Amino acid sequence: MKNKKLAAAMAAVYMYIRTEEEAAVAAMQSRAGAKPLAPAPVGQMNLWGLSGRQAIMNGNAMIRQRMLK
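Terminal number for the sequence shown in the working numbering: 72, no gaps in between.
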């Protein structure tokens, strides 16, 4: 009985992986026929926002390292 359950589970996993692979191949084939996507426009960097996020991450790192109590 245990071998039957193991075989059924392995078959189910194999079929799942196979269907995912087939779906990926179908998606790639359909995308090959479509026109290529244009790259997204890049905006100007917000240096103030970037430095603020970096400061918050540094503060969190110090708290995790128990530098601040």
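The beta carbon of each residue, even a glycine, is placed where N, CA and C say it ideally should be. Remember, it's a predicted structure, so these values are computed and weren't measured experimentally.
For GLY52, the enclosing alpha helix (DSSP H) begins and ends at 50 to 67.
Cβ contact annotation for VAL45 (same chain, cutoff 8 Å, sequence separation greater than five): none.
DSSP places GLN32 within a helical segment (H, G or I) once states are collapsed to three. CA-to-CA, the gap between TYR17 and TRP51 works out to about 50 Å.
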